[in-house]
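The next block holds one structure in the form of structure tokens; read it before the comments.
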Amino acid sequence: MILAGFFGSQDPSSNIATSLTWIFWWIVLIFTVMFLGRVFCATCPWLAISDWIQKLSLWGRRTRQFTLGLRWPARFKTILLAAALFILLTWLELAIGVTKSPIQTAYLGLIILGLTLGSMLLFERNYFCRYGCPIGAIQGAYSLMSPVELKAESLEVCKNCKTKDCIRGNEKGYGCPTYTYVGSENSATSLSCILCSECVKTCPYDNVAFNFRPFLKDLTSSFTPSHAWALFAVVILALTSFHGLTMIPTWGLLISLTEPYLGYIGSFTVWMFLFLGFLIGAVYFFVYLARLMSGTTMPNTRTLFTYFAVSFLPIALFYHAAHNVAHFNMDFMGFIKALSDPFGYGWNLFGTANIQVAPITSMDYVWYMQAFLIILGHILAVYVSTKIAHRTYPTHSQAFRSQIPITTLMIFYTMFSLWLTAQPMVMRTSM
Ligand code: SF4
Ligand code: SF4
64 MILAGFFGSQ DPSSNIATSL TWIFWWIVLI FTVMFLGRVF CATCPWLAIS
114 DWIQKLSLWG RRTRQFTLGL RWPARFKTIL LAAALFILLT WLELAIGVTK
164 SPIQTAYLGL IILGLTLGSM LLFERNYFCR YGCPIGAIQG AYSLMSPVEL
214 KAESLEVCKN CKTKDCIRGN EKGYGCPTYT YVGSENSATS LSCILCSECV
264 KTCPYDNVAF NFRPFLKDLT SSFTPSHAWA LFAVVILALT SFHGLTMIPT
314 WGLLISLTEP YLGYIGSFTV WMFLFLGFLI GAVYFFVYLA RLMSGTTMPN
364 TRTLFTYFAV SFLPIALFYH AAHNVAHFNM DFMGFIKALS DPFGYGWNLF
414 GTANIQVAPI TSMDYVWYMQ AFLIILGHIL AVYVSTKIAH RTYPTHSQAF
464 RSQIPITTLM IFYTMFSLWL TAQPMVMRTS M
């Protein structure tokens with residue numbers, strides 16, 4: 064991708080750097096995370112290259128590592144770092160238009176490699192993947208719903224384990240690079256586990272496995288995320304919809320209101336932060352209403368926000384999937400064409416260079432599929448939020464009353480999502 068971006072044609076429709084990254088990869092990422100959790104992390108090229116350099120080895124365990132081994136600063140042990148980089152990534156994609164430029168896409172790939180490698184050369188283990196990587200963070204949030212997890216088979220065995228080799232490492236493998244403990248009861252390992260499988264090798268009791276579990280399990284169990292993760296869940300929800308908003312005709316109207324004063328990039332930035340701030344404020348406000356309607360002052364609004372914000376994740380994931388169904392339909396043939404001529408030099412490696420780039424099926428069918436996905440996401444969100452309410456409040460009546468404002472907001476948001484997908488789409492980018 065990087066070679067094609069630097070040395071290939073700069074026409075985005077003839078270069079695989081743009082179609083591979085912004086069409087194929089994003090679509091595959093969303094659908095794999097839905098069913099297989101953070102499986103992309105296990106195949107991440109930026110991590111693989113950084114790991115080989117840090118360990119000075121392609122495989123096998125080395126005792127010495129090529130790193131300064133500094134401690135990761137405590138103030139950066141927060142997912143808000145990844146949230147900030149996700150906002151920046153969205154801004155680069157849509158305001159600067161990286162998705163339309165092969166060379167900028169290649170530079171972006173190098174920057175992410177630089178961040179991953181730089182953090183691993185400076186700091187011990189691998190904290191960037193846990194706190195800094197926006198792709199890992201989105202996958203972490205979405206995989207709270209996925210039907211697979213890597214966890215200890217028996218928590219009792221972990222409780223009695225004195226050595227904790229999964230964290231410390233042993234002669235068979237490294238200690239967990241992200242300090243994820245697979246043996247705790249009320250935690251979601253997917254928030255930080257990058258599926259490197261070191262703990263599978265190091266556990267002396269063969270107690271770690273990749274398991275199937277019910278869909279939505281982490282969201283409906285007694286696990287409670289941190290406030291930063293809750294905030295990040297709303298950021299994902301907001302930016303996913305904002306992305307859709309920038310691709311419909313209404314966006315042109317909004318931009319025209321401010322562009323004469325602020326220019327395009329200034330206007331884009333203002334609208335993006337307005338949308339983000341509005342949605343975070345709206346979720347806080349409706350959570351506040353939920354607290355009022357429950358008739359009890361405890362828990363307080365901040366705590367309730369932490370509980371309920373993650374219940375919007377199914378809406379975000381299924382809207383994200385619906386959005387990408389349209390991209391798949393419109394752009395997938397372009398990717399197949401680029402496979403045969405990745406640099407745009409006129410090659411025909413697989414005999415697909417001359418295929419017609421056209422939608423696979425009618426956009427009417429696509430809209431029905433999008434509507435189905437969005438409504439399914441809504442139903443799952445209401446289900447999760449109801450479960451959380453019953454976990455939070457001692458009586459059925461309090462839980463029911465608290466759900467009136469939350470469900471109302473979810474209905475508004477689902478209608479907004481349906482309206483977004485029903486608009487004619489200007490196909491500029493994926494995500
Ligand atoms: S996963 Fe294995 S090494 Fe880690 S605490 Fe549990 S039993 Fe011990
Ligand atoms: S060591 Fe285990 S828990 Fe830690 S990142 Fe690797 S697979 Fe996940």
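Quick note: the sequence shown uses the working numbering, first residue 64, plus one each step.
Backbone N, C-alpha and C fix where the C-beta goes; we use that ideal spot for every residue, glycine too.
Bear in mind the structure is a predicted one, so any value in this text is a computation, not a measurement.
If we call anything under 9 Å between Cβ atoms a contact, is leucine 178 one with phenylalanine 191?
Indexing the sequence shown from 1 puts residue 178 at position 115. Indexing the sequence shown from 1 puts residue 191 at position 128. Yes, the pair counts as a contact, with Cβ atoms nearer than the cut-off.
Using DSSP bridges, identify the partner residues of phenylalanine 305.
Position 242 of the sequence shown, counting from 1, holds the residue named residue 305. Its beta-bridge partners do not exist; DSSP assigns none.
What's the call for tyrosine 476, buried or exposed, on a 16-neighbour Cβ count within 10 Å?
Numbered from its first residue, the sequence shown carries residue 476 at position 413. So tyrosine 476 ends up on the buried side.
Is DSSP giving threonine 492 helix, strand or coil here?
Locating residue 492 in the sequence shown gives position 429, where the first residue counts as 1. Low confidence applies here, because threonine 492 scores a pLDDT of 43, under 50, leaving its location unreliable and the question unanswered by this model.
Output the distance between the C-alpha atoms of glutamine 167 and glycine 181, rounded to the nearest integer angstrom.
Within the sequence shown, the letter at position 104 stands for residue 167. Within the sequence shown, the letter at position 118 stands for residue 181. Roughly 20 Å between the two C-alpha positions.
Could you tell me whether any non-hydrogen atom of ligand 2 is closer than 8 Å to the CB of alanine 260?
Indexing the sequence shown from 1 puts residue 260 at position 197. According to the sequence displayed, residue 260 carries serine and not alanine. Serine 260: yes, Cβ under 8 Å from ligand 2.
Residue burial classification, phenylalanine 391 (beta-carbon count within 10 angstroms, cutoff 16):
As a position in the sequence shown, residue 391 is number 328, starting the count at 1. Under this definition phenylalanine 391 is a buried residue.
Which term fits valine 91, buried or exposed, when burial requires 16 or more other beta carbons within 10 angstroms of its beta carbon?
As a working mapping, residue 91 is identified with position 28 in the sequence shown. It counts as exposed.
Residues near ligand 1, criterion Cβ-heavy atom distance below 7 Å
Ala215, Val220, Cys221, Cys224, Thr226, Lys227, Asp228, Cys229, Ile230, Val245, Gly246, Cys262, Thr265, Cys266, Pro267, Tyr268, Asn270 and Val271
Sequence-distant residues of the same chain with beta carbon closer than 7 Å to threonine 252, five excluded per side
Counted from its first residue, the sequence shown places residue 252 at position 189. Excluding sequence neighbours, threonine 252 sits near Glu212, Leu213, Lys214, Thr243 and Val245.
Hey, which unbroken runs of the beta strand (DSSP E) at 3 residues or more fall wholly within the segment 269 to 346?
271 to 275
Determine the burial state of tyrosine 428: buried for a count of at least 16 other Cβ atoms within 10 Å of its Cβ, exposed for fewer.
Within the sequence shown, the letter at position 365 stands for residue 428. Result: exposed.
Proximity to valine 96 [Cα-Cα], best of Ala204, Ser448, Thr369 and Val220:
Position 33 of the sequence shown holds residue 96. Checked all of Ala204, Ser448, Thr369 and Val220; the closest Cα to valine 96 is Ala204.
Please state whether DSSP places phenylalanine 406 in a helix, a strand or coil.
The count along the sequence shown starts at 1 and reaches residue 406 at position 343. Coil at phenylalanine 406, not helix or strand.
Which runs of the alpha helix (DSSP H) fall wholly inside the segment 89 to 121 and span at least 4 residues, in chain order?
89 to 99, 102 to 105 and 108 to 118
On the CB-based measure, 16 or more other CB atoms within 10 Å of its CB, does aspartate 74 come out buried or exposed?
Along the sequence shown, one-based indexing puts residue 74 at 11. Burial call: exposed.
What is the rounded straight-line gap between the Cα of leucine 483 and the Cα of valine 298?
Position 420 of the sequence shown, counting from 1, holds the residue named residue 483. Position 235 of the sequence shown, counting from 1, holds the residue named residue 298. So the two alpha carbons sit approximately 18 Å from each other.
Chain-order list of residues whose beta-carbon lies under 7 Å from that of phenylalanine 413 (same chain, five-residue window excluded)
Residue mapping note: residue 413 aligns to position 350 of the sequence shown, counting from 1. Here the set comprises Leu402 and Ser403.
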